[in-house]
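K.L.:
Okay, here's the structure, questions in a sec.
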Amino acid sequence: MEFDVIVLGGGPSGSSCASFLSKTGRKVLLLDRAKFPREKTCGDGISGRSVSVLRELGILDQFKKVEHEDMFGVTFSSPNGIVVPVAAKAKTSPGFVCRREVFDNVVFNHAKSVSAKTLEGFIAQDLIFDGQRVVGVKGTHEGKQVEFKAKVVVGADGAAGITARKLGSVNDDPAHQCSGVRCYYEGVEGMEDKIELHFVKEAIPGYFWIFPLPGKKANVGLGMMVRDIKKNKVNLQKIMFDIIENNPTFKPRFAKAKRTTEVKSWLLPYATKRTKIAGDGYVLVGDAASLIDPFTGEGVGNALISGKIAAKVINEAFVENDFSEKKLSQYQNQLFDLIGGEINSNYRMQKLSNNPFLLNLVIGRAAKSNYVKGVISDALLNPHDHAKLVDPLFFFKALFS
Numbered sequence: 001m002e003f004d005v006i007v008l009g010g011g012p013s014g015s016s017c018a019s020f021l022s023k024t025g026r027k028v029l030l031l032d033r034a035k036f037p038r039e040k041t042c043g044d045g046i047s048g049r050s051v052s053v054l055r056e057l058g059i060l061d062q063f064k065k066v067e068h069e070d071m072f073g074v075t076f077s078s079p080n081g082i083v084v085p086v087a088a089k090a091k092t093s094p095g096f097v098c099r100r101e102v103f104d105n106v107v108f109n110h111a112k113s114v115s116a117k118t119l120e121g122f123i124a125q126d127l128i129f130d131g132q133r134v135v136g137v138k139g140t141h142e143g144k145q146v147e148f149k150a151k152v153v154v155g156a157d158g159a160a161g162i163t164a165r166k167l168g169s170v171n172d173d174p175a176h177q178c179s180g181v182r183c184y185y186e187g188v189e190g191m192e193d194k195i196e197l198h199f200v201k202e203a204i205p206g207y208f209w210i211f212p213l214p215g216k217k218a219n220v221g222l223g224m225m226v227r228d229i230k231k232n233k234v235n236l237q238k239i240m241f242d243i244i245e246n247n248p249t250f251k252p253r254f255a256k257a258k259r260t261t262e263v264k265s266w267l268l269p270y271a272t273k274r275t276k277i278a279g280d281g282y283v284l285v286g287d288a289a290s291l292i293d294p295f296t297g298e299g300v301g302n303a304l305i306s307g308k309i310a311a312k313v314i315n316e317a318f319v320e321n322d323f324s325e326k327k328l329s330q331y332q333n334q335l336f337d338l339i340g341g342e343i344n345s346n347y348r349m350q351k352l353s354n355n356p357f358l359l360n361l362v363i364g365r366a367a368k369s370n371y372v373k374g375v376i377s378d379a380l381l382n383p384h385d386h387a388k389l390v391d392p393l394f395f396f397k398a399l400f401s
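Position one of the sequence shown corresponds to residue 1 (full-length UniProt numbering), numbered consecutively onward.
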């Protein structure tokens, strides 16, 4: 069976790409090995960049009908125990927290509703090539061998999916990967309408998070660079429980809390390791393209925007009848023209966040300085303002403001 475009993977990147393409009239097949709704291990934070794409897709209001918690800022804490809430300068929520099982189901079903043909329970086994050009995918569905062909294949099947593996684009560099553990709690005290990023001494060079959900529930986890985990033989789960049970800031907050799920782990491929994400007959989006933010660990926003830009370039390829690497590489160029500066700034922020002295300085000054709080608040609303946080002038002003 032939299509214009095959999208392998129905997460945010694949579903957004399929949705945008379907609106141009392209014949799209959206494949996923799971059956939706399905669980997805994640921190569940949905950023302002995500909100922008959801609004463009016309589905932002759908999240008012499902379980989610609007966020209006971030609460930070430093290794020496200073806690600073920073409110976003916005009357409407710049982001929210929503379990990925719920979030992904909304985005996937939207793609389904705008005429993308979907096939759930498809297990991809290989790509189909014509010489060096990708022309399709084959696998099994309900125990039967099937194959599909298209002018363009979009790999949206994750960091270790078959497209990234077959095309030599897997990011397996421990210096550009993060590992995270997370679980869900009920009854955590002291939560507000802010996500929480805690650079506690036990977690350095990583951070501990609490992301509020409705009903005093929370996504609670810990993330750290794979390089540092291997170097220091770190057990993330052990550290997370040590913080919850023994840290003087968090022990009282979790005293009556109950863990409701098992701890799960996952790997996050940072966008700081550039891999080839476009070639003859294919593009890679989302985690398959290694687009995780190196500071926040958030991937949904870049996943959605990668799907949008991929759809734009693929549609141009059909107009020009050109599915070559030269043409489809415009996707990679346009994507990093948009997010590359932010990625570089956040990579520098990630390196700075490994330094307890600097963390104590900046968070300590934020507790006393409206200027420092203002810069952080601006960065929450506008990703392009992240560069201000690594500007030497910012540190100078932070010291003397």
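Just so it is clear, CB atoms sit at the ideal spot from N, CA and C, and this is done for glycine as well.
Just the Cα atoms here: how many angstroms apart are Ser369 and Pro356?
P.N.:
Roughly 19 Å between the two C-alpha positions.
K.L.:
Check each candidate in Lys373, Val135 and Leu236 and name the one with the smallest Cα separation from Glu2.
P.N.:
Closest by alpha carbon: Val135.
K.L.:
May I ask which residues mark the beginning and end of the beta strand (DSSP E) holding Cys178?
P.N.:
Gln177 to Glu186 is the span of the beta strand (DSSP E), which, as asked, contains Cys178.
K.L.:
Output the distance between the C-alpha atoms of Val106 and Ala218, rounded to the nearest integer angstrom.
P.N.:
Computed Cα separation, rounded: 21 Å.
K.L.:
Return the CA-CA distance between Glu298 and Gly25, expressed in angstroms with no decimal places.
P.N.:
Rounded to whole angstroms, Glu298 to Gly25 spans 31 Å at the Cα level.
K.L.:
Which stretch, first to last residue, makes up the beta strand (DSSP E) that contains Ser77?
P.N.:
Note, Ser77: beta strand (DSSP E), Gly73 to Ser77.
K.L.:
Contact between the region 272-285 and the region 142-160: three or more CB pairs below 8 Å?
P.N.:
Contact between the region 272-285 and the region 142-160 is present, because at least three Cβ pairs lie under 8 Å.
K.L.:
Going by DSSP, which residues form a beta bridge with Thr140?
P.N.:
Note: Thr140 sits in a beta bridge opposite Ile123 and Gln145.
K.L.:
Helix, strand or coil: how does DSSP classify Ser22 here?
P.N.:
Of the three classes helix, strand and coil, the one that applies to Ser22 here is helix, per DSSP.
K.L.:
Can Asn80 and Asn315 be called in contact, C-beta distance under 8 Å?
P.N.:
Not a contact, by the Cβ cut-off of 8 Å.
K.L.:
May I ask you to report which of helix, strand or coil DSSP gives Val152?
P.N.:
Three-state result, Val152: strand.
K.L.:
My parser needs the alpha helix (DSSP H) runs of 4 or more residues fully inside the region 223-284; what are they?
P.N.:
Here the runs fully enclosed are 226-232 and 236-246.
K.L.:
If you run the structure through DSSP and keep just helix, strand and coil, what is Lys117?
P.N.:
It is a strand residue.
K.L.:
So the candidates are Gly9, Ile123, Glu69 and Glu192; which of them puts its Cα closest to the Cα of Arg99?
P.N.:
Considering only alpha carbons, the answer is Glu69.
K.L.:
Answer yes if the region 48-68 comes into contact with the region 292-306, meaning at least three C-beta pairs across the two stretches below 8 Å, and no otherwise.
P.N.:
Yes: the two stretches touch, three or more of their Cβ pairs being nearer than 8 Å.
K.L.:
For the alpha helix (DSSP H) that contains Val66, what are its first and last residues?
P.N.:
From DSSP, Val66 is part of no alpha helix (DSSP H); its letter is neither H nor E.
K.L.:
If you run the structure through DSSP and keep just helix, strand and coil, what is Gly344?
P.N.:
According to the sequence provided, residue 344 is Asn. The question's Gly does not apply to it. Reduced to three states, the DSSP call for Asn344 is helix.
K.L.:
Can you look up Lys27 in the DSSP assignment and give me helix, strand or coil?
P.N.:
Three-state DSSP puts Lys27 in coil, outside helix and strand.
K.L.:
What three-state label does DSSP hand Pro356 in the structure shown?
P.N.:
Of the three classes helix, strand and coil, the one that applies to Pro356 here is helix, per DSSP.
K.L.:
Give a yes or no on whether the C-beta atoms belonging to Ala271 and Asp287 are separated by under 8 Å.
P.N.:
Taking 8 Å as the Cβ cut-off, Ala271 and Asp287 do not qualify as a contacting pair.
K.L.:
Can the beta-carbon of Phe108 be found closer than 8 Å to that of Phe36?
P.N.:
A contact, by the Cβ cut-off of 8 Å.
K.L.:
Could you work out which residue in Ser345, Ala310 and Phe76 is closest to Leu197 when comparing CA atoms only?
P.N.:
If we check each option's Cα against that of Leu197, Phe76 comes out closest.
K.L.:
Exposed or buried, Pro212, counting other C-beta atoms within 10 Å across all chains shown (16 or more means buried)?
P.N.:
Classification for Pro212: buried.
K.L.:
Go through its chain and collect everything with a Cβ distance to Ser16's Cβ below 7 Å, but skip five positions before and after it.
P.N.:
Val53, Leu57, Val107, Leu304, Gly307 and Lys308.
K.L.:
Using the Cα positions of Leu30 and Val102, report the straight-line distance between them to the nearest angstrom.
P.N.:
Taking the straight line joining both Cα atoms gives about 19 Å.
K.L.:
Just tell me which of Asp193, Leu21, Gln125 and Lys238 has its CA closest to the CA of Val319.
P.N.:
It is Leu21 whose Cα lies nearest to the Cα of Val319.
K.L.:
Give the straight-line distance between the Cα atoms of Glu262 and Cys183, rounded to the nearest whole angstrom.
P.N.:
Their backbone Cα atoms lie some 6 Å apart in a straight line.
K.L.:
Would you mind reading off the limits of the alpha helix (DSSP H) that contains Ile305?
P.N.:
Residues Val300 to Glu320.
K.L.:
Would you say Gly139 and Ala124 are within 8 Å of each other, going by their C-beta atoms?
P.N.:
It is a contact, given that the beta carbons lie within the stated cut-off.
K.L.:
Would you tell me roughly how many angstroms separate the C-alpha atoms of Arg38 and Asn333, rounded to the nearest one?
P.N.:
Distance between the alpha carbons of Arg38 and Asn333: 33 Å.
K.L.:
Using a Cβ-Cβ cutoff of less than 6 Å, which residues in the same chain neighbour Gly73 once the five nearest sequence positions on both sides are dropped?
P.N.:
Correct list, in chain order: Val86, Ala87, Ala88 and Lys194.
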